[in-house]
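Chains as they are written, first to last, in the numbering used here: chain B, 1 to 337; chain A, 1 to 430.
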Amino acid sequence: MATTPLPTRRPAPAHVRPAPASSSNGNKRNGSNDAGNNRSAVRRRRPGFRREQLSGWGMMAPAALLLLAFIFIPAALGFGLAFTNARLISPRPVEFVGADNFVRLFTDPTFYRALLNVAYFAVIVVPVQSGLALLMALLINKKFRGVNFFRTVYFLPVVTSMVVVSLLWLFMYRKEGLINEVLSAISFGLINGPDWLADPNTAMPAIIILSIWQAAGFHMIIWLAGLQSISGELYEAAQLDGTSRWQQFRFVTWPGLFHTRSLVLVTITIQALGLFDQISVMTQGGPMDSTTTIIYEAVQSGYRQQETSYASAISLVFFVLVLIVSAVQRHLTREKD
Amino acid sequence: MNTKFTKILATSIAAAALTATLAGCGKGSASSSNEGSGEIALWTHNAGNPEELAAVQKIVDSYNGSQDKVKIKIQAFPQESYNDSIVSAAAAGKLPCIVDIDGPNVPNWAWAGYLKPLELSTDLSTHLPSTVAEYDGKPYAVGYYDVALAMMARPSDLKAAGVRTATVEQPWTEEEFQDALTKLKALGKWEYPLDMGTAGTGEWLPYAYSPFLQSFGGDLINRDGFQSADGVLNGDKAVSWANWFRGLADQGFMAKKGGKDSTQDFLNNQSAILYTGSWAADKAKAALGDDLVVMPTVDLGEGPKIGGASWQWGVTSGCQNSEAAMDYLSYSLKPENVAAVAKATGTIPASNEAAALIPAFAEGGANRIFMDFSREYAVMRPETPAYPFIATEYGNAVQDILNGADPKSTLDKAVKAIDANIKSNGGYKK
């Protein structure tokens, strides 16, 4: 996640882009010139090109090898295993069983429940978390005394491990936990909070709140980077035009955040679909499957129930789902020229 | 995005990579220890349990001092990650010679070829039956101790409510238990008079609650051949069990999800009757003194039942020096060693000879009753390689039923999953 490159190219908002000066003829000529240059570059390589190529491959090799050994090969194996009856512990030889695991998966009500839960989680978390993160970024994207204090405070939950956060919230969500005590105190004893994680109706919302609280700070930093890459001149120009605060946000900030927006959207969505840590620590999928997720089901069957092949099938389906969701998002957030 | 992508992928298929290696090792060749000259590795789960670890260390030290051919070396793991460590080590062919194992997992590991049958010089026939794990008619693991489930209460509370104290001769029946809880609840001292440890997870669920199912006449699986749970885990008797168990929560006798530390809650007078293991007895005794009574669990038809088997020791199949490993195990089973571990852990010593060395467990001792429970009531969790799977399915079913799911359909679902699992493993036959 942290290695995802931030967008470096900053598109100018459409309405402030200078109108093209040259005629359509000129554009055409320029285009053909570019193509000609490219062709000659291919024919005549610069001296030392091969050496550069070689050192390029050489520098990539360690990372590429590690990726291959620890990601691509296991991934390929996992896809293969999904069509076998492989188990974590078994003296029996591994056999090819075709689509058996998938048939079982698609007739398993728990799987659909997990899909539903993940969808519920993502539908709430993606807009709320990114919105909240943007709000926090806007608040701290100012120069005032103590701004660093607020930046640190907002970012603090991100630095804490999700497992630790989950453990702490586990205590806070209990029937006699901090949250219910506070609710009771501020309502003068009127609100008698539920046992958040033990009630199928409140367990998922409880986990959603905790997740947003923990992760919003991270996306705040990304938004902040986006905000700071918007040139101050644009705001000055907007001020000269006599725009209101809202108009500045709507017509300068919002278009200026185009790339950041796609990035935040995609990372939060994938993070939401992969929901696992909180569930494993806090509810173990319960009560009554109300918080189980696809990854949790995969780990549960792969390790605790020792059904490696079934877990691989779940992973494969999950992979395809994430692929589809990301592709749709890429399509929706593509640069429309 | 791609990095995130692949990260998720990598996590979800780590298991796949493991098994691929296992398959590569070939059938059953799960281990080969790489110990140096005369050094034998021993793995244990009790890194988080200093008393037990110290007791085992003492046995190892005295064994190492008693001869100079081999040297036992202990490596302790936290209990939560112990099973994972074993499975990973087996997949990599790096299992140590001696391992400790949670009793119900022994058949699974024996079937997987991790363990070899024990050949000990100790006579195991005098040991508590639940401390010897057998599979396929051969002993694969042996424990120093067992634990027993019991009901604890304050005699003063029982007297105030007018409830008879249950005894081994005359345990509570279902009606009496219902009556006792009603009367205790009526005292108004507790929100929930009964604490069954419903906050527990993992192995606690089948360990604690399948004995009730068995007392009703149901079971986790049909033990004749261990091929199906149909009619046993979802029969009329099992449904009666589910309704009864759920009823305890519905009538407000116990919490659907209790506190994290049920013993402490009991000692803090948050509950009147505590259903827990013998391990809590010493602490309760120290806190309550004479105002504590240990009672057998409820007779729901087929007599009181409790789960048998705790942590046990086995020798791995790839051990190069299994004679020495067996020799160590035989040595460690001497009564004084067994007594030392049982004493350190507050558990039931495996043999009568060892019990005689601990005043609390000797004839007439305060904790002797647990030994009686173990002998009289212990039911082994099904000795089949399918057990780890059955345990997770049953655990989920218990939690769902407590939270209001329909008992019959929940149990049907568990049976379906268990039967499918057994079938997909060729009946777990060798």
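From the three backbone atoms N, C-alpha and C, an ideal C-beta is built for every residue, glycine too.
Taken atom to atom, the span from the alpha-carbon of Gln227 (chain A) to that of Lys423 (chain A) is near 8 Å. Per DSSP, Lys143 (chain B) is not a residue of any beta strand (DSSP E), being assigned neither H nor E. Contacts with chain A at 8 Å (Cβ-Cβ) do not include Leu210 (chain B). Secondary structure within the segment 45-121 of chain B: the alpha helix (DSSP H) runs of 4 or more consecutive residues, fully enclosed, are 49-67, 73-81 and 100-106 (chain order). Pro205 (chain B): member of the alpha helix (DSSP H) spanning Ala203 to Gln228, first to last residue. Inter-residue distance for Ser332 (chain A) and Trp279 (chain A) is about 22 Å (C-alpha atoms, whole angstroms).
Around Ala417 (chain A), the same chain offers Glu393 as residues with beta carbons nearer than 7 Å, after the five sequence neighbours per side are excluded. Rounded to whole angstroms, Lys138 (chain A) and Pro382 (chain A) show a C-alpha spacing of 15 Å.
A Cβ-Cβ distance of about 7 Å is found for the pair Ala366 (chain A) and Lys285 (chain A), placing them in contact under the 8 Å criterion. For Lys138 (chain A), the enclosing beta strand (DSSP E) has its first and last residue at Lys138 to Val142. The segment 188-201 of chain A and the segment 250-268 of chain A touch, with three or more beta-carbon pairs separated by less than 8 Å. Within the same chain, Cβ atoms closer than 8 Å to the Cβ of Leu105 (chain B) are found at Phe111, Tyr310, Ala313, Ile314 and Val317, the five residues on either side in sequence being excluded. DSSP places Thr283 (chain B) outside both helix and strand once states are collapsed to three, so it counts as coil. Interface with chain A (8 Å Cβ-Cβ cutoff): Gln306 (chain B) is included. In chain order, Asn85 make up the part of chain B whose C-beta sits under 7 Å from the C-beta of Ser424 (chain A). In this structure Phe96 (chain B) is exposed. Its beta-carbon is surrounded by fewer than 16 other beta-carbon atoms within 10 angstroms. Taken in chain order, the unbroken stretches of alpha helix (DSSP H) that lie wholly in the segment 27-83 of chain A and span 4 residues or more are 50-66.
Exclusion of the five residues before and after Thr291 (chain B) leaves Asn117, Ala203, Met204, Ile207, Ile279, Thr283 and Gly285 as the residues of its chain whose Cβ lies within less than 7 Å of its Cβ.
Residue environment: Trp57 (chain B) is assigned as exposed (fewer than 16 neighbouring CB atoms within 10 Å of its CB, all protein chains considered).
Within the segment 87-120 of chain B, the residues whose Cβ lies closer than 9 Å to some Cβ of chain A are Arg87, Leu88, Ile89, Ser90, Pro91, Arg92, Pro93, Val94, Val97, Asp100, Arg104, Asp108, Pro109 and Thr110, listed in chain order. In terms of CA proximity to Thr308 (chain B), B:Ala86 leads the group B:Phe79, B:Ala86 and B:Leu68.
In the three-state scheme derived from DSSP, where H, G and I count as helix and E and B as strand, Leu257 (chain B) is classed as coil.
Going by C-alpha positions, Trp213 (chain B) is about 34 Å away from Gln306 (chain B).
Beta-bridge analysis with DSSP links Leu274 (chain A) to A:Met152 and A:Asp195. Residues of the segment 262-284 of chain B that bring their beta carbon within less than 7 Å of a beta carbon in chain A comprise Val266, Thr267, Ile270, Gly274 and Gln284, in sequence order.
Closest by C-alpha distance to Leu402 (chain A), out of A:Trp244, A:Ala133, A:Ala355 and A:Phe266, is A:Trp244. The beta-bridge partner set that DSSP reports for His127 (chain A) consists of A:Ser351. Of all residues in the segment 100-119 of chain A, only Asn108, Trp109, Trp111, Ala112, Gly113 and Tyr114 place a beta-carbon less than 9 Å from a beta-carbon of chain B. Sequence-distant Cβ neighbours of Met220 (chain B) in its own chain, meaning closer than 6 Å and more than five residues away, are Ala133, Met136, Ala137 and Tyr154. Non-local C-beta neighbours of Pro304 (chain A) in its own chain, meaning closer than 7 Å and more than five positions away in sequence, comprise Pro171, Ser215, Pro296, Thr297, Val298 and Tyr377, ordered along the chain. Contact annotation, Asp400 (chain A) with Thr410 (chain A): C-beta distance approximately 5 Å; criterion of less than 8 Å satisfied.
Around Thr198 (chain A), the same chain offers Met254, Ala255, Lys256, Lys257, Gly258 and Leu402 as residues with beta carbons nearer than 7 Å, after the five sequence neighbours per side are excluded. Nearest C-alpha to Met326 (chain A) among A:Leu115, A:Glu175 and A:Gly103: A:Leu115. Its Cα nearest to that of Gly308 (chain A), the residue A:Glu134 stands out among A:Ala161, A:Glu134 and A:Asn234. The beta carbon of Val128 (chain B) is closer than 7 Å to those of Ile212 in its chain, skipping five residues each way along the sequence. Annotation for Glu134 (chain A): the continuous beta strand (DSSP E) segment containing it runs Val132 to Tyr135.
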